[in-house]
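Just so it is clear: in the sequence shown, position 85 is 85 by full-length UniProt numbering, and no numbers are missing. A short worksheet on the structure shown next.
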Amino acid sequence: MEKLLYTGKVKQMWSTNDPEVLRVVYTDQATAGNGEKKDNFKDKAELNNQISTLIFQYLEKNGVPTHFIKKISDKEELVKKCEMFPLEVVTRNIAAGHFSSRYGLDEGMRFAIPVEELFFKSDELDDPILNSSDAVALNVATKSEQEQMWSLSRQVNQLLINLFDEAGMDLVDFKLEFGKLHNGQIVLADEFSPDNCRLWDKKTKSHMDKDVYRRDIGDLTAVYKKVLARIEEVLEED
Ligand code: 5GP
1 MEKLLYTGKV KQMWSTNDPE VLRVVYTDQA TAGNGEKKDN FKDKAELNNQ ISTLIFQYLE
61 KNGVPTHFIK KISDKEELVK KCEMFPLEVV TRNIAAGHFS SRYGLDEGMR FAIPVEELFF
121 KSDELDDPIL NSSDAVALNV ATKSEQEQMW SLSRQVNQLL INLFDEAGMD LVDFKLEFGK
181 LHNGQIVLAD EFSPDNCRLW DKKTKSHMDK DVYRRDIGDL TAVYKKVLAR IEEVLEED
């Protein structure tokens, strides 16, 4: 019997007949400000599932180990079961969002070296920032596990900077989550979509990610459809 294991802000996780495999069901919900703002958007589940599937397949093809197995319907995918690190692993190529508000900087400064930040995943504590030794002290991840996550994040950054560049977008920043398979291997998990990254149109600098919803500056569904169409076009050429 399949059981609902977990309901997140935008996805559900179900068990399957195979103890090593979980089924992810995407929902139409978007949230912002740690769930304070919440709305449903028609087609969002399908869009996130399709975009994340394409990105995870592209990353796998280029040597990044992930939890992804396959997409099984418009709103569902199968993934490998892993023990998740309660961490948000954020990489920034251009100043925006909380980096800009924290340090009083305008958005748009391109960093010579990408900024790397870790956050402790906790709704109660509002995902506080933490440093490497904090993560060790809290028994969240060893130094070596953190190094492996950063090494994979850097690989993802390089691959996706190139992919989005070809699709006419700047990859401003993104948040990754990692898990450990039963054999101990660290793999990229969760999803990759405009929900967890910032994308700016290279020509117009317009926002092509969840900031249109967070900031009430555009139509989320229309923007996500545009992102999908652009990456499909690039990936078809490959
Ligand atoms: P910031 O720290 O500026 O809010 O976010 C940096 C990047 O990480 C952005 O691309 C943002 O979408 C992503 N991010 C940060 N926290 C979360 C979160 O709790 N959920 C999701 N989906 N993305 C996040």
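C-beta atoms are modelled at their ideal positions from N, C-alpha and C, and glycine is treated no differently.
Judged by their CB atoms, I186 and Q148 are nearer to each other than the 8 Å cut-off. Ranking Q29, A141, N49 by CA distance to the CA of L228 puts N49 first. Leaving aside the five residues that flank S193 on each side, the residues in its chain whose CB is nearer than 6 Å to its CB run, in chain order, N48, I51, S52.
In this structure, DSSP gives H67 a state outside helix and strand, which the three-state scheme calls coil.
Counted as a single uninterrupted DSSP element, the stretch harbouring N49 is not any beta strand (DSSP E) but the alpha helix (DSSP H) occupying residues 44–61. Ranking D18, Y103, V90, E60 by CA distance to the CA of K121 puts V90 first.
Around the beta carbon of K3, fewer than 16 other beta carbons lie within 10 angstroms, which makes this residue exposed. Annotation: the continuous beta strand (DSSP E) that includes S15 extends over 11–15. According to DSSP, M169 shares a beta bridge with D201. Beta-bridge partners of Q29 (DSSP): N40. Taking the Cα positions, K226 is about 17 Å away from I161. Per the coordinates, the alpha-carbon of K42 lies some 6 Å from the alpha-carbon of D28.
Taken through DSSP and simplified to helix, strand or coil, T7 comes out as strand. Considered as a whole, the segment 109–189 harbours 132–137, 143–166 as its complete alpha helix (DSSP H) runs of no fewer than 4 residues, in chain order. Of the heavy atoms belonging to the ligand 5GP, at least one sits nearer than 7 Å to the Cβ of R198.
Under the DSSP assignment, K225 falls in the alpha helix (DSSP H) whose first and last residues are 220–237. In terms of CA proximity to E191, K80 leads the group G35, G63, P19, K80.
In the three-state DSSP reduction, R23 falls in the strand class (E or B). Of L59, G33, E88, the smallest CA-CA separation from E177 is found for E88. Between V25 and F174, the alpha-carbon positions lie close to 22 Å from each other.
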